[in-house]
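Participant: Pasting a structure below so you can have a look.
Numbering (my numbering), first residue to last: 31 to 132.
Now the structure itself:
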């Protein structure tokens with residue numbers, strides 16, 4: 031036997047925490063983007079253009095992080111569903127064996 035164990039609904043709880051963190055990250059990034067946009071409103075020239083390109087790259091990386099958090103939460107929920115299905119299947123097999131033994 032292995033020493034592996036899992037608290038019931040642990041992965042679902044973890045997925046919920048990941049989704050909460052994702053919301054927090056998205057909110058903070060939106061706040062930052064809004065503030066930077068306000069600061070850039072009167073800025074022109076090559077510096078402004080270069081900084082605009084930097085902001086585009088930042089938003090692309092931000093989207094990658096948010097997608098990774100979405101995938102992590104989904105994977106955690108799918109893993110828990112698989113674990114529950116496997117546990118139920120094993121329980122049924124053990125019950126069948128117990129009934130055969132009388």
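Ideal placement from N, C-alpha and C gives every residue a C-beta, glycine not left out.
1) Using only CA atoms, which one of 89, 58, 111 and 97 lies nearest to residue 39?
2) At which residue ranges does the segment 44-130 contain complete beta strand (DSSP E) runs of 3 or more residues, listed in the order of the chain?
3) Here's the rule: buried if 16 or more other CB atoms are within 10 angstroms of the residue's CB, otherwise exposed. What is residue 69?
4) Checking 8 Å against the spacing of the C-beta atoms, do residue 62 and residue 107 come in under that value?
5) Would you mind working out which of 46, 45 and 55 sits nearest residue 92, comparing C-alpha positions?
6) Report the three-state DSSP secondary structure of residue 42 (helix, strand or coil).
Facilitator: To lay it out plainly:
1) 111
2) Counting only runs of at least 3 residues, the segment 44-130 fully encloses no beta strand (DSSP E) element at all.
3) exposed
4) no
5) The option with the nearest alpha carbon to residue 92 is 55.
6) helix
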